[in-house]
């Protein structure tokens, strides 16, 4: 197979203890520019006629556009992008919350990153046997209106039995407290999964109410452009609104194991075609 792990013993120890790991300079400026330029092209080709809104504070998606995005490149607006008249308050490129959820499959630029040796080596280090990228998102965190992402665990949304999700969050710009960086509760992954995000005949909903968290337990994960944050599927993490004048672009991939792990049939993602494993060992 030729894949070799690229995380050190110290990095793995830190990840196992804290539930997250920051890998500085994972991507260089040329690779980041390629992805940002490609997203600009995709946005230019989007006519903006369908105004699906993404919000983590009001997750009541029941429309086909959201559900079908699992195998497409779809565009979701910020909740605060529209005025009382229903029209965008700023240009569409400053109104989009995210683009997803199959960039890694459909677009060659994002596919190249998602299948790169350095990314496969990281998954190899994390002991994945037959991993797939189950979703990808380009997240904008727009200046002034970039929405809050409430405390959550990735395994809630992308559940396998047993749980196996890992989030890979690449900073395409500097992420700071001012423009909405990630925050996490170190070690919270050791307390298990708190609730699941279920899809049924009524749409999607959580099977349990949201636990309450003490904000003093969260630490900010301020990172420079090019840094990769590795996130355990049970880690409690969040980000706040971006009230600054600077955006916070990021690429987020979520990986799950397929060897001796079963994809839950009541997950929101229900694909027509199974994703292709990145490798098998």
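Numbering (our numbering), first residue to last: -18 to 262.
For glycine and all other residues, C-beta sits at the position ideal for the given N, C-alpha and C.
All figures in this text were calculated on a predicted structure; none of them were measured in a lab.
| Query | Result |
| --- | --- |
| Using the beta-carbon count (16 or more within 10 Å), is residue 196 buried or exposed? | exposed |
| Distance, Cα to Cα, residue 72 vs residue 64? | 12 Å |
| In angstroms, rounded to a whole number, what distance separates the CA positions of residue 175 and residue 106? | 27 Å |
| Assign residue 79 to buried or exposed, taking buried as 16 or more other Cβ atoms, counted over all protein chains shown, within 10 Å of its Cβ. | buried |
| Determine whether the beta carbon atoms of residue 213 and residue 139 lie at a separation below 8 Å. | no |
| Which residues share a DSSP beta bridge with residue 254? | Residue 254 pairs with nothing; no bridge assigned. |
| What are the uninterrupted segments assigned as beta strand (DSSP E) that are 3 or more residues long and contained completely in the stretch 203 to 233, given in chain order? | 209 to 213, 218 to 220 |
| Given this structure, state the Cα-to-Cα distance separating residue 111 from residue 240, to the nearest angstrom. | 5 Å |
| Alpha carbon to alpha carbon, how far is residue 259 from residue 134? | 23 Å |
| Give the DSSP-derived three-state secondary structure of residue 85 in the structure shown. | helix |
| Work out the CA separation of residue 173 and residue 194 for me, nearest whole Å. | 15 Å |
| Given this structure, state the Cα-to-Cα distance separating residue 90 from residue 15, to the nearest angstrom. | 7 Å |
| Could you tell me which residues DSSP pairs with residue 118 in its beta bridges? | 81, 233 |
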